[in-house]
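Colleague: Here the first sequence stands for residues -14 to 594, where the numbers follow the numbering used here. Before we start, here is the structure in question, set down as structure tokens.
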Amino acid sequence: MEQYSLFNENKKEESGQEARDDLAVFLPGSRPVPAADYTLRELAFDVEATGVDPLSDRVVGIALCREKGRACYVPLRHLSGPNLPDALPLLKGALENASVAKIGHNLKYDILILRKEGIRAQGALYDTMLASYLLNPNKPGHSLGDVSLEYLSHRKRAYTEVAGKEKSFAEVPPEEATRYAAEDAELAMELRDILFPLLRERGLEKLYFDIEMPLLSVLIDMEEVGIRIDTGKLEKLSRELERELGGIEARIYALAGETFNINSPRQLGKVLFENLGLKPGKKTKTGYSTGMDVLEELAKAHELPGEVLNYRTLHKLKTTYADALPKLLNRKTGRIHTSFNQTVTATGRLSSSEPNLQNIPVRGEWGIRIREAFIADEGHVLISADYSQIELRILAHMSGDRGLIDAFSRNSDIHARTASELFGVPIEEVDAGMRRIAKVVNFGVVYGMSPYGLSEALGIPPPEASAYIERYFSQHPGVRDYIDATIQAARRTGCVSTLLGRTRPLPEIGNSNANVRQQAERLAVNSPIQGTAADLIKIAMIRIAKRLREGGFSTRMVLQIHDELLFDAPGHEREGVTAMIRHEMEHSLALSVPLKVEIGWGGNWAEAH
DNA sequence: GTGGTCAGC
DNA sequence: CGCTGACCACT
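Set out below in structure tokens:
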């Protein structure tokens, strides 16, 4: 790839002139270019920046490619020149031109960082990372290196390996940077030409253009907006947790007769099972298990395990939430900006990281206090909208089971109804214990339950769990037949798919090892359900974002937590957007059962829930 | 880097 | 029994 050129007025290399001609075609109204009738229809680009966080870092340069075989790089802020800062406003024209399609790998990053330069990319988005994900969501990574290796047999060099210890791309001299940056833009172009025809062949084109591509823009907005946090509240909480932990720690040491690291499962195992002589329940690969279920069992025989459970809970809340969240405040916005990853899960769900805002505590006194630290903007409220039993409703639709459809059509308490069937009592006579078991069984169905798994979850012997499962399926033949048919189809095709055609390959479905095969069979049951729920909320997000935008609302979607959406809304917009949000969520897909959404609001996330 | 544990859906 | 990510200890 020696034809990559550097936009550099001072450079007299052969490709210099041609490179500037390339630049000219990106710029409406600029001087004529040799091929005067040439219209730029699409542009692959790759933004190089000082780091990997688009909300804190600055652009260093931009690589461009408009056709395979040639690409160029515009250095903007390298520490050592030459830089072409004047090129940025020129590039803005092409990037903001909606009739120029944008091609890139992980466009969310590039588009977010360009926004800080006042550039708002428009037009169709061909993201090769998203395409790779739809083609194989099982793939462990979808970096440009991973995808190029698989589809182009191209081994991409990382600039850091070549440049040595450089930390920021700004420290790489422009001429050297050109080799790597321009290659990335061209790789995106080459991958687009391979992956998008594949999407079409595999029937995934609609999923891309109707769901993942528009969702990408929604996620960009959500990440940019972020969410407000009351750091003072978290700091106070942290100090209280510190005090509590100190007390528990002292009691644990007194009970143990020695000090040790409570956070070390190995040291804890030694204290519990060797020093105190308690009975080990389960084992792990490396030694005694000290998991929650084991400690709960041991708590019946000794005080210490209960204290450890309490210690673990509070320590987790302190380190993972109370202490960690304030550190991730963005200095410019004063808010927390998570990263929503669109290409991680095997089922089509999103994931959230740095920080993960999809696992903020919701239960318990201390957990609720952490949610109270997620607050609305001044004069705003947080609105939480979550789907009620979305996965069971999807199972009802996909299986066509009469009992489930009937239950949801009547809007009955599904767990109580299952309990009434399992225990053979009228629904009014279902007690809390029966309902608890039924709830676990209902979850089990969605997870592709096995007697062993259900027995573990309920803490009962496997034969008893088997009896529940058999009873459930005898009363829900539609579900049983659906599961059988799904596994059959998976054996035949090697994959399963959601209502919208999102597929997940199941390479182990015909494995000769029973454990491995049964694991794949559980995935065959669960993935279409979990994945359809993911499709459904994605559609709702796209439609809600569109209506908020077109309606000129100031309400912003801020978080998605799998079956819940969280909004930050001015008080006066609350009633109006609540009705709209409910409508869009309940009608994102027409199923054979109604969808139900529960909505709450308040000054903080705990109140809204 | 891996495994154990636990926060969420 | 499904899907994640973060923190900790330990090698």
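Every residue, glycine too, gets a C-beta built ideally from N, C-alpha and C.
Compare the beta carbon distance of GLY433 and VAL501 with 8 Å and say whether it is the shorter of the two.
Modeller: Not in contact: GLY433 and VAL501 (Cβ atoms no closer than 8 Å).
Colleague: Can you tell me the Cα-Cα spacing of GLY314 and ASP371, whole angstroms?
Modeller: It is worth fixing the name first, because residue 314 is Leu in this sequence and not Gly. Roughly 26 Å separates the two Cα atoms.
Colleague: Classify HIS63 as buried or exposed, calling it buried when 16 or more other Cβ atoms lie within 10 Å of its own Cβ.
Modeller: Buried.
Colleague: Please state the DSSP three-state secondary structure of GLY364.
Modeller: Of the three classes helix, strand and coil, the one that applies to GLY364 here is coil, per DSSP.
Colleague: Run the CB neighbour count on TYR273, radius 10 Å, all protein chains shown included, and call it buried at 16 or more, exposed below.
Modeller: Buried is the call here.
Colleague: Tell me the DSSP secondary structure of MET207 in three-state form.
Modeller: Looking at MET207 - three-state DSSP - the assignment turns out to be helix.
Colleague: May I have the straight-line CA-CA distance separating MET526 from ALA593, to the nearest angstrom?
Modeller: Cα to Cα, the separation comes out at about 19 Å.
Colleague: Quick check on GLN473: buried or exposed, where buried means 16 or more other Cβ atoms within 10 Å of its Cβ?
Modeller: GLN473 is exposed by the Cβ-count criterion.
Colleague: Can you give me the start and stop residues for the beta strand (DSSP E) that LEU28 sits inside?
Modeller: Segment 27 to 34, the beta strand (DSSP E) holding LEU28.
Colleague: Mind checking ALA286: buried by the 16 CB within 10 Å criterion, or exposed?
Modeller: With fewer than 16 other Cβ atoms within 10 Å, it is exposed.
Colleague: Between the stretch 391 to 408 and the stretch 469 to 484, do at least 3 Cβ pairs fall closer than 8 Å?
Modeller: The stretch 391 to 408, when compared against the stretch 469 to 484, does not touch it at the 8 Å Cβ threshold.
Colleague: Which residue comes first and which comes last in the beta strand (DSSP E) that contains PRO60?
Modeller: That run of the beta strand (DSSP E) goes 55 to 60.
Colleague: May I have the straight-line CA-CA distance separating ILE584 from VAL562, to the nearest angstrom?
Modeller: Their backbone Cα atoms lie some 11 Å apart in a straight line.
Colleague: According to DSSP, ARG299 sits in a beta bridge with which residue or residues?
Modeller: It is Leu, not Arg, that sits at residue 299 in the sequence shown. Paired residue(s): none; LEU299 is not in a bridge.
Colleague: Please name the residue in LEU40, GLU52, ASP38 and VAL37 whose C-alpha comes closest to that of ALA29.
Modeller: Here the closest residue by C-alpha is GLU52.
Colleague: Let me confirm a value: TYR437 is counted as buried when at least 16 other C-beta atoms fall within 10 Å, else exposed. Which label applies?
Modeller: Classification for TYR437: exposed.
Colleague: DSSP puts ASN396 in a beta bridge; with which residues?
Modeller: According to DSSP, which records beta bridges pairwise, ASN396 is partnered with nothing at all.
Colleague: Nearest to SER324 by alpha carbon, out of LEU69, LEU97 and ASN589?
Modeller: Among LEU69, LEU97 and ASN589, the Cα nearest to that of SER324 belongs to LEU97.
Colleague: Please classify HIS557 as buried or exposed, where buried requires at least 16 other C-beta atoms within 10 Å of its C-beta.
Modeller: Its Cβ having fewer than 16 others within 10 Å, HIS557 is exposed.
Colleague: For MET434, name the three-state secondary structure that DSSP assigns.
Modeller: In the structure shown, MET434 sits in coil (DSSP, three-state: anything other than H, G, I, E or B).
Colleague: Looking at the structure shown, is LYS87 part of a helix, part of a strand, or coil, going by DSSP?
Modeller: Looking at LYS87 - three-state DSSP - the assignment turns out to be strand.
Colleague: Keeping to the same chain, check which residues put their C-beta closer than 6 Å to that of LEU80; ignore five residues upstream and five downstream.
Modeller: Contacts found: ILE104 and ALA106.
Colleague: Is SER138 helix, strand or coil when you go by DSSP?
Modeller: If DSSP states are grouped into helix, strand and coil, SER138 belongs with coil.
Colleague: Taking the CB atoms as reference points, tell me whether LEU377 and GLN545 lie closer together than 8 Å.
Modeller: No. Outside cutoff.
Colleague: On the three-state DSSP scale, how would you describe VAL329?
Modeller: Looking at VAL329 - three-state DSSP - the assignment turns out to be coil, as it is neither helix nor strand.
Colleague: Per DSSP, SER369 is paired with what?
Modeller: SER369 pairs with LEU551 and GLY585.
Colleague: At which residue ranges does the stretch 438 to 483 contain complete alpha helix (DSSP H) runs of 4 or more residues, listed in the order of the chain?
Modeller: 447 to 460 and 462 to 478, all fully within the stretch 438 to 483.
Colleague: CB ARG224 to CB ILE360, shorter than 8 Å?
Modeller: Result no, Cβ atoms of ARG224 and ILE360 do not sit closer than 8 Å.
Colleague: Just how far apart, CA to CA, sit THR271 and PRO447?
Modeller: Using only the alpha carbons, I get a separation of about 25 Å.
Colleague: For the pair the stretch 75 to 90 and the stretch 203 to 222, tell me if three or more CB-CB distances fall below 8 Å.
Modeller: Too few Cβ pairs lie closer than 8 Å, so no.
Colleague: Counting along the chain, where does the beta strand (DSSP E) carrying ARG489 start and finish?
Modeller: Element bounds for ARG489: 488 to 490.
Colleague: Closest to PRO70 by C-alpha separation, out of LEU76, LYS77 and LEU61, would be which residue?
Modeller: The residue with the shortest Cα to Cα distance from PRO70 is LEU61.
Colleague: Take PRO555 as the anchor and find which of GLY388, ARG541, ASN341 and ARG402 has the nearest alpha-carbon.
Modeller: It is ARG541.
Colleague: Rounded to whole angstroms, what is the Cα-Cα separation between GLY221 and THR403?
Modeller: With the sequence shown as reference, residue 221 is identified as Lys, and Gly is not the correct amino acid for it. Distance between the alpha carbons of LYS221 and THR403: 44 Å.
Colleague: Three-state secondary structure (DSSP) at GLN503?
Modeller: In the structure shown, GLN503 sits in a helix (DSSP, three-state: H, G or I).
Colleague: Mapping the DSSP letters down to three states, classify ARG236 as helix, strand or coil.
Modeller: Helix, per DSSP.
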